[in-house]
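Read the structure below first, then the notes.
Residue numbers (my numbering): 28 to 204.
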């Protein structure tokens with residue numbers, strides 16, 4: 028299901044069944060039947076689906092395309108987990124720690140924080156991946172949009188110095204979109 032919403036009024040303005048160009052078009056048609064115009068859409072938030080990306084470019088070309096936080100963080104979490112798996116193949120201490128690395132730093136108990144700290148020292152690659160993930164999340168917690176853009180650029184510079192392949196792949200995905 029594809030949902031079109033007005034973020035200012037916090038209302039659904041169109042719904043399309045499925046996930047793709049046809050669903051976006053269906054949602055836009057419903058939106059227009061409710062009195063809104065596709066030309067008035069300023070921002071389009073999507074995941075990385077090529078069909079969504081091409082639908083936005085085709086049907087609402089003036090909209091700035093934004094990739095949603097959930098999918099960005101999900102992609103980065105997968106990169107962190109890949110590093111964990113690679114490190115775990117050589118170290119049994121990392122077994123059963125998957126969800127520890129995927130949790131938000133703010134939700135960790137003091138015991139879990141100590142474990143992350145210890146494992147990050149013992150296994151610097153997963154420690155680096157986790158640190159980059161947490162820095163990335165902090166960007167979205169910043170309410171200042173201009174600051175967030177600057178923070179994202181700074182994060183990308185830091186990530187570019189990483190030798191972790193999965194972080195470089197994530198960075199390439201960001202830059203290509």
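Positions of the beta carbon are idealized from the N, C-alpha and C atoms, including for glycine.
Given the structure is predicted, the values throughout are model-derived calculations rather than measurements.
Grab me the residues of residue i's own chain with a C-beta within less than 6 Å of its C-beta, minus the 5 sequence neighbours each way, in chain order.
i: residue 33; result: 40
i: residue 78; result: 47 and 48
i: residue 54; result: 29, 31, 41, 42 and 43
i: residue 82; result: 48 and 51
i: residue 58; result: 31, 40 and 41
Put residue i into one of helix, strand or coil per three-state DSSP.
i: residue 33; result: strand
i: residue 82; result: helix
i: residue 54; result: helix
i: residue 67; result: helix
i: residue 47; result: coil
i: residue 87; result: coil
i: residue 118; result: coil
i: residue 190; result: coil
i: residue 183; result: helix
i: residue 199; result: helix
Please return the same chain residues whose Cβ sits closer than 8 Å to the Cβ of residue i, not counting the five positions on each side in sequence.
i: residue 28; result: 42, 43, 44, 45, 46 and 50
i: residue 68; result: 87, 89 and 90
Residue i to residue j, Cα distance in whole Å?
i: residue 194; j: residue 90; result: 29 Å
i: residue 152; j: residue 92; result: 33 Å
i: residue 131; j: residue 141; result: 14 Å
i: residue 118; j: residue 96; result: 32 Å
i: residue 128; j: residue 159; result: 12 Å
i: residue 110; j: residue 125; result: 10 Å
i: residue 189; j: residue 183; result: 10 Å
i: residue 61; j: residue 134; result: 42 Å
i: residue 168; j: residue 175; result: 9 Å
Identify the residues that DSSP records as bridge partners of residue i: which are they?
i: residue 38; result: 33
i: residue 92; result: 71
Only counting the same chain, and skipping five residues up and downstream in sequence, which positions put a Cβ closer than 7 Å to that of residue i?
i: residue 161; result: 132
i: residue 103; result: 160, 163 and 197
i: residue 114; result: 121, 150, 152 and 153
i: residue 70; result: 90, 91 and 93
Which residue from the options puts its Cα closest to that of residue i?
i: residue 30; options: 97, 115 and 72; result: 72
i: residue 200; options: 124, 113, 121 and 74; result: 74
i: residue 191; options: 53, 65 and 156; result: 156
i: residue 178; options: 98, 166, 204 and 186; result: 166
i: residue 186; options: 106, 169 and 148; result: 106
i: residue 76; options: 56, 98 and 37; result: 98
i: residue 204; options: 84, 181 and 146; result: 84
Does any C-beta atom of chain B lie closer than 9 Å to the C-beta of residue i?
i: residue 175; result: Among the chains of the structure shown, chain B does not appear; only one protein chain is present.
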